[in-house]
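S.K.:
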């Protein structure tokens, strides 16, 4: 892929951040509007809590996928790092396989649950609950892709993170 083609597809690398960022904006906007209508007008907007909850679900699950992409989730590898190189590699591969199986199972169950909840409406807006549960589907799918790539990179002796974190995380501490 040449430079022009790759710049047209920049959103692929930042899909999770875009979706989670939009969800965060929706949480903030809905919450602020709910506060304004509750305390400034005489008619509070009943839908704001539901919108904020739906957007928060998208923020959490798709935002977690962004953490996978940057390798930012906590790992406890104190004992694994003490192993010789060859056993360490296989223990890490087994751990990666276990996480991938978990994410695949989560994706499968989330798809089933999302399909089953199509006819169950939310209380205020009467949206299908699939709108909420689809966040788990999208998040699990992104996590599976991002973690699968990180596991492949680790197996081939590369850094597990797909992208470098912008700036030094925790440098201010």
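Residue numbers (my numbering): 12 to 184. Beta carbons are placed, not taken as given, at the ideal position from N, Cα and C, and that holds for glycine. Remember, predicted model here, so these are calculated numbers, not experimental data.
(1) Mind pulling the beta strand (DSSP E) runs of 3 or more residues that sit fully within the region 95-120?
(2) When you compare the CB of residue 56 with every CB in chain C, is at least one pair closer than 8 Å?
(3) Pull up the DSSP beta-bridge partners for residue 55, would you.
(4) Is it buried or exposed, residue 36, if we count other Cβ atoms within 10 angstroms and call 16 or more buried?
(5) Mind checking residue 50: buried by the 16 CB within 10 Å criterion, or exposed?
(6) By alpha-carbon positions, which one of 136, 142, 170, 58 ends up nearest to residue 127?
(7) Of the residues 168, 23, 24, which one's Cα is nearest the Cα of residue 97?
(8) Helix, strand or coil for residue 19 per DSSP?
(9) Whole angstroms are fine: how far does the CA of residue 68 sit from the CA of residue 150?
(10) Given this structure, state the Cα-to-Cα distance separating residue 144 from residue 138, to the nearest angstrom.
(11) Taking the alpha carbon of residue 25 as the point to measure from, which residue in 55, 153, 41 has its own alpha carbon closest?
(12) For residue 58 and residue 76, what's the separation of their Cα atoms in angstroms?
(13) Check residue 184 in the structure and name its three-state DSSP category.
(14) Mind the definition here: the region 88-107 touches the region 42-56 only if three or more C-beta pairs lie below 8 Å; say whether that holds.
M.R.: Looking at the atomic coordinates:
(1) none
(2) Although the question refers to chain C, the structure presented lacks it and comprises just one protein chain.
(3) Within the DSSP bridge table, the entry for residue 55 names no partner.
(4) exposed
(5) The residue is exposed, with fewer than 16 neighbouring Cβ atoms inside 10 Å.
(6) Nearest option by C-alpha distance: 142.
(7) 168
(8) Reduced to three states, the DSSP call for residue 19 is helix.
(9) One C-alpha to the other measures close to 10 Å.
(10) 12 Å
(11) 153
(12) 28 Å
(13) With a pLDDT of 44 at residue 184, under the threshold of 50, the modelled position of this residue cannot be trusted; read the value that follows with caution. Residue state for residue 184 is assigned as coil, using DSSP reduced to three classes.
(14) With a cut-off of 8 Å, the region 42-56 and the region 88-107 do not count as touching, because too few Cβ pairs lie within range.
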